[in-house]
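Throughout the sequence shown, residue numbering follows the numbering used here, covering 5 to 814 in sequence. The C-beta atom is built at its ideal place from N, Cα and C for all residues, glycine as well. This structure is a prediction, so every number in the text was calculated from the model and none was measured.
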Amino acid sequence: MEPLSEDDPRRLGPYHLIARLAPGDDGPRAAARLFLARSAGGVRTVLISTPSAELADDAAYRGRFLTEAENARRLGGARPLACLTPVEISGSASDLPWSAFPYRPMLPLPSVLQVCGGPLPVRTVRALGAALAETLAEIHEAGLTHAGITPGTVFVAGGGPWLGGFGAVRTAGPDGQTRMGLSGPAADDLPPEQAVGGRPRPLGDVYALGAVLAYAVTGRRLPDAGDLPQELRSIVLPCLAPDPADRPTAAALADGLTRGVRLPPPAGVTVGPSGPAPTVLDGGPARPPAPVPSGGPGSTALDGGTRGAAALLSPGWLSAPVVVALAEQSSATLAAEVEPAEAESTADAPLEEGAPGPGEAPGAPELIAAGRGDTPGAPHAPTRLSGGVTAARSPSGQDAARPSRRTLLIGAAGGTAGIALGGGATWMATDEDPPPPTTAERLAAATHSRRRLAGAPPTPLWRHDLTGGPPTHPPLIWADKVAVVANDTTVIGVDLHTGKRLWAQDQLRPKGRLLSVGKDSILVPGDGLAALSAGTGDIQWWPKSFRRGGRTPYAALLAAEGGTVWLAAGGQGSGSAGDRVVIAYNLTGRNELWRGPLPGGFDEGYLTQDALVVRGDTFLAFDRGRGTRRWKRSYEGVTGGRPVTTDGRSTLIAAVSTTLRGYGLAHGGGGPEWSVRAKGEAGSGHTADFGAPVVHDDVVYASDGGYAVHALSTATGEVRWQRTYAFAMKTLSGARTPDTAVDPSGRTVLTANDVEVDAFDAEDGALRWRFMDLGAAADKGSVVARRRVAVTDDLAVVVSGRSVYALPLS
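Rendered as structure tokens:
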């Protein structure tokens with residue numbers, strides 16, 4: 005999800021828009037935008053679809069959009085279909101048209117591939133295709149054509165896929181008009197006959213679904229036949245036949261995807277001890293599972309068992325990263341707030357057409373249970389929620405116990421509560437059939453309260469999107485005025501309070517972490533070492549002697565304080581002492597203070613009160629003022645690559661595998677003076693490794709790979725607090741150890757990983773909030789790049805992929 009942009013509407017009909025659902029990569033000219041919205045009082049949460057900004061002023065397009073929205077609403081109302089997103093309400097063609105349907109945690113198919121890092125497993129693609137094909141068969145039986153199937157209109161939820169975009173091809177252009185190059189479905193998703201203006205017909209839906217399945221299983225649009233897995237090739241290729249007469253029907257496609265698939269019996273069903281697991285032999289519309297009788301060998305799922313797509317959508321059909329991403333979206337939905345708008349009087353304002361009025365109940369249920377819209381009248385299994393809450397519905401549809409929307413969503417905010425890995429998930433979004441908002445609720449909604457639930461992240465003050473690659477280092481905050489961010493081509497300055505770009509500097513090739521030096525200078529390592537003006541971005545200092553080919557080319561930035569910078573220069577790699585030097589340079593006076601020999605490979609520096617400590621295979625200390633070498637020492641267990649820091653006085657602190665250790669700087673060669681073991685687990689019961697420690701005053705903070713956070717005394721190692729949290733990332737393999745940061749006042753500790761940024765109270769380790777933005781600026785084929793964070797007393801500046809956010813800490 006993404007925050008709203010300046011061009012996005014803030015209200016449509018009775019709904020206040022609060023966030024945008026990232027569409028993934030569905031072509032360069034997406035025709036629709038998808039928003040998360042809430043009704044007055046926050047009672048109902050919905051997804052709203054509107055035309056893209058470039059099409060919003062086209063009256064003919066607005067009319068076609070609204071017509072298809074109304075068609076979808078009537079289709080879903082007359083006969084609810086298992087996978088078709090149920091449109092409940094739509095706007096008018098005289099203004100920006102829109103349509104709304106109940107919210108459920110779900111991801112567009114391109115985002116699912118990004119989360120998984122590539123193509124989906126054959127099992128997942130079979131289940132996805134079978135469920136959609138069964139829904140298409142029902143649409144076709146009613147004499148209709150969907151005409152809007154693309155990767156971007158196929159959504160994946162915990163219990164199965166959902167299909168949006170009804171009529172998108174018809175909306176893009178009327179019959180007889182070529183649709184190539186128009187906003188809407190990409191050319192690769194259009195059946196040939198529809199691309200040239202032909203009327204959408206059922207076999208065109210089969211072509212589009214075949215293209216979606218080919219994309220899902222290969223990661224590419226219209227791949228070569230040889231790229232398709234053997235077990236799906238004979239099923240998918242006929243769907244892509246240029247001649248519609250050569251394509252299978254939707255029912256035949258569903259049958260082909262389910263035929264011969266051997267599945268275990270449904271959970272909780274007793275099957276005779278002998279014989280293989282039940283086998284699905286024929287396909288048919290999904291229906292609620294019925295008990296499978298005990299039987300002899302080779303029991304067959306025909307009339308009494310789970311059939312068709314319902315059988316394929318069994319636990320395990322979704323991979324763990326997708327389930328985690330859905331949980332993150334649930335948490336972000338909980339945290340989203342309605343942005344303030346101009347004061348508006350709602351007491352006397354009429355509701356939009358179709359909105360629930362006084363004494364009227366909304367037109368469709370909002371509680372999404374068991375991942376599917378189950379058959380009316382069928383009993384629902386109890387839904388186990390976090391905290392021991394159980395919700396159950398009787399066959400009449402009445403709730404035996406109705407937890408509030410807030411209770412249901414808090415479970416999702418925990419990361420994994422209510423989620424069964426593999427798809428046996430129960431997704432709860434909002435209350436079913438909520439009462440109509442009272443006058444007081446409507447007035448309260450108009451004031452847009454900024455209160456948050458405990459644990460919900462703050463609303464970003466702003467978001468700034470970058471061009472080029474994502475930054476690989478944290479931003480630098482200068483004077484509480486400018487956030488300086490660099491990728492591999494450009495350094496930019498962003499106003500810390502507004503998010504507007506102040507300047508950009510593209511003459512350098514940044515490589516490494518930025519440092520602040522002097523009153524208004526930013527050190528930028530890269531091709532040499534340069535200093536920029538923090539206020540204007542102008543290059544203040546970029547000596548040729550430190551550039552590549554100069555007398556002493558820059559090698560590493562060691563430290564900076566006040567107007568002085570310490571750097572390694574000269575020979576590269578592991579050359580002799582005569583090849584490389586350590587230099588102290590006065591940036592204010594533009595003069596070298598001192599230089600001394602430095603062995604190769606020493607490229608990390610730490611300042612104490614009176615020394616510069618440089619690390620390589622061992623540790624060297626130089627007098628800060630004169631440059632004389634004071635000592636050379638090593639510390640037991642501290643080898644190259646181990647994260648280390650100092651307390652700025654007399655203690656070296658090192659992360660040595662599963663322990664955090666403190667060493668007396670003055671006592672080399674011996675063991676640690678204190679050692680504390682990590683609290684988190686990395687999997688299989690093994691203790692996690694520590695990440696890089698950070699020091700504030702006399703406390704060192706560090707995170708481990710099991711997502712535990714530690715606060716210790718730098719002098720004695722005494723544990724101030726240790727906290728372990730059941731974060732969603734624990735279900736993923738290969739997760740990197742979180743980075744840790746502390747605000748200048750020492751009140752807030754932040755950790756950043758590949759999924760989120762978490763804020764903790766520095767006093768006791770209490771979790772304050774978690775911020776996630778999956779999909780905001782993801783690179784193709786991967787999850788959003790690792791979060792990077794810098795912090796002031798009031799703000800956390802978070803870099804996520806190519807997006808920069810400012811989050812208030814108070």
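Burial check for Arg594: the Cβ neighbour count within 10 Å stays below 16, so the residue is exposed.
Bounds of any beta strand (DSSP E) do not take in Gly133; it lies within the alpha helix (DSSP H) bounded by 126-145.
For Asp259, the uninterrupted alpha helix (DSSP H) segment begins and ends at 254-262. DSSP places Pro55 inside the beta strand (DSSP E), whose first and last residues are 49-55.
Glu767 has its alpha-carbon roughly 30 Å from the corresponding atom of Gly566. Close CB contacts of Trp635 within its chain, under the 6 Å cut and outside five residues either way in sequence, are with Ala625 (chain order). Straight-line spacing of the CA atoms in Leu771 and Asp12 works out to 32 Å. Residue pairing by DSSP places Pro165 opposite Val160 in a beta bridge.
Burial state of Pro514 is buried, judged by a 10 Å Cβ sphere holding 16 or more other Cβ atoms. Secondary structure note for Ser115: its alpha helix (DSSP H) is the uninterrupted segment 113-120.
Distance from the CA atom of Ser323 to the CA atom of Asp231, rounded to whole angstroms, is 22 Å. For Val680, the uninterrupted beta strand (DSSP E) segment begins and ends at 678-681. Collapsing the DSSP output to three states places Tyr610 in a strand. In this structure, the alpha-carbon of Cys120 lies about 38 Å from that of Asp484. If you ignore the 5 residues before and after Asp798, its C-beta comes within less than 7 Å of the C-beta of Pro812, Leu813, Ser814, all in its own chain and listed in chain order. Three or more beta-carbon pairs separated by less than 8 Å are not found between the region 68-82 and the region 110-129, which leaves the two stretches without contact. Leu591 is not bridged by DSSP to any residue.
Residue pairing from DSSP places Met110 in a beta bridge opposite Ala161. A distance below 6 Å between beta-carbons, with the five flanking residues on each side excluded, links Gly641 to the following residues of its chain, in chain order: Val660. Glu235 is classed as exposed because its beta carbon has fewer than 16 other beta carbons within 10 Å across all chains shown.
About 16 Å separates the CB atoms of Ala314 and Leu140; that is not less than 8 Å, and the two are not in contact.
In the DSSP assignment, Tyr639 falls outside any alpha helix (DSSP H), carrying neither H nor E. Within its own chain, the residues whose Cβ lies closer than 7 Å to the Cβ of Pro246, once the five positions on either side in sequence are excluded, are Pro196, listed in chain order. DSSP links Ser43 through a beta bridge to Tyr19. Taking C-beta atoms as the reference points, Gly605 and Asp621 count as a pair closer than 8 Å. Residue pairing for Met776: DSSP places it in a beta bridge opposite Glu760.
The shortest CA-to-CA distance from Ala508 to any of Gly695, Thr540, Leu527 is the one to Thr540. By the Cβ neighbour-count rule, Ser334 is buried, with 16 or more other Cβ atoms within 10 Å of its own. DSSP places Ala563 inside the beta strand (DSSP E), whose first and last residues are 558-565. Of the residues Val759, Leu465, Asp607, Gly162, the one whose Cα lies closest to the Cα of Ala810 is Leu465. In this structure, Ala715 lies away from Ala682, with their beta-carbon atoms at least 8 Å apart.
Pairing Ser807 with Asp469 gives a Cβ-Cβ distance under 8 Å. Secondary structure note for Thr222: its alpha helix (DSSP H) is the uninterrupted segment 206-222.
Counting other Cβ atoms within 10 Å of its Cβ, Asp762 reaches 16 or more and is therefore classed as buried.
Annotation for Pro196: the continuous alpha helix (DSSP H) segment containing it runs 196-199. Ranked by Cα distance from Val699, the options Ala220, Arg251, Gly652 are led by Gly652.
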